[in-house]
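Visitor: In full-length UniProt numbering, the protein residues as written are 1 to 252. The C-beta atom is built at its ideal place from N, Cα and C for all residues, glycine as well. Everything numeric in this text was worked out from a predicted model, so none of it was measured.
Pasting the structure below:
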């Protein structure tokens, strides 16, 4: 089976001088951090692209970190640190979204950097292919009637499935440490609801600092053209579902 590789930084030795080069190549059984001889030149393999990531590239999606240098990415569905408790992305560690959404997010990031240069984005999720959504749906231990409270029905599709939604928080630009938003990612409960912040503040479930941090995030995301939702402080949409269906196909 072919393994697709992206070389983001490679050292090519030519006439006893080294130079930096960037290439995408296809090869067999080449692993990250190995030195490979390709076309008579030597390259260090920086990043191996798996089947899922290659399918996202083929679908025309873009890597957020390529478009917006300086952001951090921690795909929660490539770990067990999510509501599902399982890794469903496998080797995928890079966040992909539609190109126009990446440009919107870049605008939001530029606003954040202008207003709060000590901060950056920490991104938890971008596109979620329909095939992965189906896995979440099929394995969620809940009656079908209440499953939509936790995950979008894969036959209908949520905005993550179109590559036009982003889950993210704010982080310190120098360390990548996330700011305290009052709850973790994928927390199901009123303390995570933007719509319930006043009530949760009165009940002592969240603090003024938590709300202030969330408001910074909401402000810069709105500046880029995103809208939030009432039940997750981390979730932002670039388009409505109707617009997403008209402009983009669901990512399979």
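For residue 166, does the count of other Cβ atoms within 10 angstroms reach 16, so buried, or fall short, so exposed?
Guide: buried
Visitor: Across which residues does DSSP place residue 178 in a beta bridge pair?
Guide: Under DSSP, residue 178 shares a beta bridge with 171.
Visitor: Please classify residue 237 as buried or exposed, where buried requires at least 16 neighbouring CB atoms within 10 angstroms.
Guide: buried
Visitor: Residues in the same chain with beta-carbon distance under 6 Å from residue 62, minus the five sequence neighbours each way, listed in chain order, please.
Guide: 99, 102
Visitor: If you count every other CB in all the chains shown that lies within 10 Å of the CB of residue 175, and 16 or more means buried, which is it?
Guide: exposed
Visitor: List, from N- to C-terminal side, the alpha helix (DSSP H) runs of 4 residues or more that fit wholly inside the region 42-87.
Guide: If we require 4 residues or more, the alpha helix (DSSP H) runs fully inside the region 42-87 come out as 51-58, 64-67.
Visitor: Let's see if you can read the secondary structure: which residues bound the beta strand (DSSP E) around residue 237?
Guide: For residue 237, the enclosing beta strand (DSSP E) starts and ends at 235-237.
Visitor: Considering just the uninterrupted stretch of the alpha helix (DSSP H) at residue 138, what are its terminal residues?
Guide: 130-139
Visitor: Hey, how far is the Cα of residue 87 from the Cα of residue 41?
Guide: 37 Å
Visitor: State the CB to CB distance for the pair residue 162 and residue 251, rounded to an integer number of angstroms; the pair is presumed to be in contact (CB under 8 Å).
Guide: 7 Å
Visitor: Determine the direct distance from the alpha carbon of residue 43 to that of residue 206, and round the result to whole angstroms.
Guide: 50 Å
Visitor: Between the alpha carbons of residue 239 and residue 224, how many angstroms are there, rounded?
Guide: If I take the Cα positions, the gap works out to 12 Å.
Visitor: Can you give me the C-alpha to C-alpha distance between residue 84 and residue 114, rounded to a whole angstrom?
Guide: 36 Å
Visitor: Measuring alpha carbon to alpha carbon, tell me which residue in 216, 148, 198 is nearest residue 188.
Guide: 148
Visitor: Have a look at 168, 96, 201, 133 and flag the residue whose alpha-carbon is nearest the alpha-carbon of residue 120.
Guide: 168
Visitor: By Cβ distance, which residues of its chain are closer than 6 Å to residue 20, with the 5 residues on each side in sequence left out?
Guide: Reliability of the predicted coordinates at residue 20 is poor, the pLDDT of 40 falling under 50, and the value obtained from them is presented with this limitation in mind. Once the five neighbours on either side are set aside, residue 20 has no close Cβ partner at all.
Visitor: Apart from the five residues just before and just after residue 107, which ones in its own chain have a Cβ nearer than 8 Å to its Cβ?
Guide: 223, 224, 225
Visitor: Would residue 210 pass as a contact of residue 230 if the rule is Cβ separation under 7 Å?
Guide: Taking C-beta atoms as the reference points, residue 210 and residue 230 fail to come closer than 7 Å.
Visitor: Quick check: what's the CA-CA separation for residue 235 versus residue 51?
Guide: 26 Å
Visitor: Does the pairing of the region 123-133 with the region 56-73 give three or more beta-carbon distances under 8 Å?
Guide: yes
Visitor: Quick check on the burial criterion: 16 or more other C-beta atoms within 10 angstroms. Buried or exposed for residue 192?
Guide: buried
Visitor: Strictly by DSSP, which residues pair up with residue 125?
Guide: 167
Visitor: Name the one or two DSSP bridge partners that residue 228 has.
Guide: Per DSSP, 236.
Visitor: Just how far apart, CA to CA, sit residue 186 and residue 151?
Guide: 11 Å
Visitor: Using CA atoms only, rank isn't needed, just tell me which of 159, 217, 203 is closest to residue 180.
Guide: The shortest Cα separation from residue 180 among 159, 217, 203 belongs to 217.
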